[in-house]
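Q: Sharing a structure here in structure tokens format.
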Amino acid sequence: MIKGKVWVFGDDIDTDVIIPGKYLRTTDMQVFADHAMEGIDPDFSKKIKPGDIVVGGNNFGCGSSREQAALALKFAGVACVVARSFGRIFFRNAINVGLPLMEADVQCQEGDEIEVDLENGKATVNGKQYSGNKLPDFLLEILNDGGLVAHRRSMMGKK
Numbered sequence: 001m002i003k004g005k006v007w008v009f010g011d012d013i014d015t016d017v018i019i020p021g022k023y024l025r026t027t028d029m030q031v032f033a034d035h036a037m038e039g040i041d042p043d044f045s046k047k048i049k050p051g052d053i054v055v056g057g058n059n060f061g062c063g064s065s066r067e068q069a070a071l072a073l074k075f076a077g078v079a080c081v082v083a084r085s086f087g088r089i090f091f092r093n094a095i096n097v098g099l100p101l102m103e104a105d106v107q108c109q110e111g112d113e114i115e116v117d118l119e120n121g122k123a124t125v126n127g128k129q130y131s132g133n134k135l136p137d138f139l140l141e142i143l144n145d146g147g148l149v150a151h152r153r154s155m156m157g158k159k
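The following block contains the structure:
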């Protein structure tokens, strides 16, 4: 169960606004965090608190295949992203870096509290429950382990 304050974004939020290209030459996660969502809300990284949740519309994370978009949100403190749909590459990158996400059509306002139940594919806002896509168990395992690299390491230790 993931619970946090909502930050609302609309449809077609592409990776260029999640982390602008001029910051891609670094491997410093703090730089990614400091500039997360800068292309749409220049003050986002100053306002977000660890554990907050991004709620988007259709096609969240569309655009380029930059893994840094998911990393920027994760290191900015975003606990989960809920959207009606995701760009497929962003979806996989988020899983790979350990950023939880769920596809659901959630109606909420910025500042609302949301509770996300990834295991059952449910989100609750203001007492109203929304059904979403439940992630397959193998993807939940990857997320629970902190991402694909950590998951593979844990699997090697189980052999």
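Following the numbering used here, the numbering of the sequence shown begins with 1 at its first residue and continues without gaps.
The C-beta atom is built at its ideal place from N, Cα and C for all residues, glycine as well.
If you compare alpha carbons, which of ALA70, ASP41, ASN126 and PHE86 is closest to GLY57?
A: Measuring from the Cα of GLY57, the nearest candidate turns out to be PHE86.
Q: List the DSSP bridge partners of TYR130.
A: Per DSSP, ALA123.
Q: Around the C-beta of PHE138, are 16 or more other C-beta atoms found within 10 angstroms, so that it is buried, or is it exposed?
A: PHE138 comes out exposed.
Q: What separation, rounded to the nearest whole angstrom, lies between the Cα atoms of VAL31 and GLN68?
A: So the two alpha carbons sit approximately 10 Å from each other.
Q: Quick check on DSSP: helix, strand or coil for VAL149?
A: Residue state, collapsed to three classes: helix.
Q: Whole angstroms is fine: what's the gap from ASN144's alpha carbon to CYS80's?
A: Whole-angstrom Cα-Cα distance: 13 Å.
Q: How many angstroms separate the CA atom of PRO42 from the CA atom of HIS35?
A: Each residue's Cα considered, the two are about 8 Å apart.
Q: Between GLY111, ARG66 and ASN96, which has its C-alpha nearest VAL8's C-alpha?
A: Comparing Cα-Cα distances from VAL8 to each of GLY111, ARG66 and ASN96, the minimum goes to GLY111.
Q: What distance in whole Å lies between the Cβ atoms of ASP16 and GLY61, which are believed to be in contact at a cut-off of 8 Å?
A: GLY61 to ASP16, Cβ: 11 Å. No contact.
Q: Taking contact to mean 3 or more Cβ pairs, one atom from each stretch, closer than 8 Å, check whether the stretch 21-31 and the stretch 119-135 are in contact.
A: As far as the Cβ criterion goes, the stretch 21-31 does not touch the stretch 119-135, which means the pair count is below three.
Q: What three-state label does DSSP hand MET1 in the structure shown?
A: Coil at MET1, not helix or strand.
Q: For the alpha helix (DSSP H) containing LEU71, name the first residue and the last one.
A: 68-76 is the span of the alpha helix (DSSP H), which, as asked, contains LEU71.
Q: Tell me whether the beta-carbon of GLY10 lies closer than 8 Å to the beta-carbon of ILE53.
A: No; because the gap between Cβ atoms is not below 8 Å, this pair is not in contact.
Q: What are the uninterrupted segments assigned as alpha helix (DSSP H) that are 4 or more residues long and contained completely in the stretch 51-117, given in chain order?
A: Taking only runs of at least 4 residues, the alpha helix (DSSP H) segments lying wholly in the stretch 51-117 are 68-76 and 88-97.
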